[in-house]
Amino acid sequence: MSFDNLCKLLSEKHPVTFASWVLGTPQTEVTVLKSELSIEPIRADYVTFLQLQERILHLEFQTKLESTPPLPLRMLDYWVRLYRLYRLPITQVVVLLLPPTPETVIETAFHLETTRHEYRVIRIWEENPELFLNNQALLPLAPLTATTQPQALLQQVVERVNQLKPQQRAEISAYTQILAGLKYKKDLIRNLFREGMMRESVIYQEILAEGEQRGEQRGEQRGRQEGERSLILRQLTRRIGELPQQVLERIENLSLEQLENLGEALLDFQVQADLETWFSTLE
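Counting in our numbering, the final residue of the sequence shown is number 292, and the numbers go up one at a time with none missing.
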């Protein structure tokens, strides 16, 4: 499934949410219209037409500005066809999923001699992530929103996905990972989502419970320490394979605070060299 087409799918599954977002005002009655337009029919693969109260909302999702025919001409063409069919005011919004190259001009109108037709453009990379993080329908777009700390934002997205009900989590997680692929490396996406799912898993909960039980027997501090250590050893073994004896000994001697810091740092580790580098910061 293409990125643009996935956005079309989401907008048609959640038309009220998408209409409310792009228009900036709450919408209640929204109906999805067919995407095939009459008069030498054209089918718009990545657009959504929504029937609002006395208005049509035309949403177009784009990863790239380049197209044939050019985007401004297409928007004018859609407007004419929609108006001919429905005879209602039309609001047209283009949602850009990726920023173009710095020298690219993002056009918001078709202009030729006496003809001028305007439309809105939403730059997803300038949108506040809070709205997307707090809305299940918009959550798959959250990794593409504004941030100065991309990895931290993606971690937030993973946490929100894992808070969803089990029957919704798998679908939203898949959508989110697809769209995150526009901006983030696949290995990072895979690792963060895998870690997030593991934290929700029965195995993870059993490890923590084991640590808590030992805490009752040997003291809470020591129990938490052993639980963290056990979890970290399993994560490292799964991530980078069998660990050398000297690494096991160093982990055995880490304090609870150091173990917790190592647990957070594991999100970035890919190879054993990363672990050695982390240990060097303790010296």
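Where a beta carbon is used, it is the ideal one built from N, C-alpha and C, also for glycine.
Inset, instruction - Less than 8 Å between the CB atoms is what I'm expecting for R169 and L147, so what's the real figure, rounded? - result: That belief does not hold up - the Cβ atoms of R169 and L147 are roughly 11 Å apart, past 8 Å.
Inset, instruction - Would you give the residue range spanned by the alpha helix (DSSP H) that A155 belongs to? - result: Segment: none, A155 is in no alpha helix (DSSP H) and carries neither H nor E.
Legend entry - Strand pairing of Q101, partner residues [DSSP]: As a beta-bridge residue in DSSP terms, Q101 pairs with H67.
Inset, instruction - Tell me where the alpha helix (DSSP H) around E124 begins and ends. - result: According to the sequence as given, residue 124 is Thr; it is not Glu. Not the alpha helix (DSSP H): T124 falls in the beta strand (DSSP E), residues T124 to E127.
Inset, instruction - For I241, count neighbouring Cβ atoms within 10 angstroms of its own Cβ and tell me buried if that reaches 16, exposed if not. - result: buried
Legend entry - Segment limits, alpha helix (DSSP H) that includes Q176: Start and end: P175 to A189.
Inset, instruction - Have a look at the DSSP bridge pairing and note the partners of Q60. - result: T40 and I65
Inset, instruction - Would you list the residues sitting across from F119 in a DSSP beta bridge? - result: Bridge partners of F119: H126.
Inset, instruction - Using the Cα positions of N171 and E139, report the straight-line distance between them to the nearest angstrom. - result: The alpha-carbon atoms of N171 and E139 are separated by roughly 17 Å.
Legend entry - Among R83, L91, A179 and H67, nearest to F119 - alpha-carbon criterion: R83
Inset, instruction - Enumerate in chain order the residues of its own chain whose CB-to-CB distance from F27 is below 6 Å, with the five nearest sequence positions on each side excluded. - result: Result list for F27: S20, in chain order.
Inset, instruction - Hey, could you find the ends of the alpha helix (DSSP H) V166 is sitting in? - result: P159 to N171
Inset, instruction - Indicate whether L105 and I65 have their beta-carbon atoms separated by less than 8 Å. - result: Using a Cβ distance threshold of 8 Å, L105 and I65 do not count as a contacting pair.
Inset, instruction - Please determine if the segment 56-75 and the segment 31-45 are in contact, where contact requires at least 3 C-beta pairs separated by less than 8 Å. - result: yes
Legend entry - Of the residues I99, L245, L61 and H23, the one placed nearest Q145, counting alpha carbons only: H23
Inset, instruction - Give the DSSP bridge partners of I133, in chain order. - result: Answer is none; I133 lacks a bridge partner.
Legend entry - Close beta carbons around P149, own chain, < 6 Å, minus the five adjacent residues each side: Y184, T185 and L188
Inset, instruction - Tell me whether the beta-carbon of V166 lies closer than 8 Å to the beta-carbon of P152. - result: yes
Inset, instruction - Give the DSSP-derived three-state secondary structure of L245 in the structure shown. - result: helix
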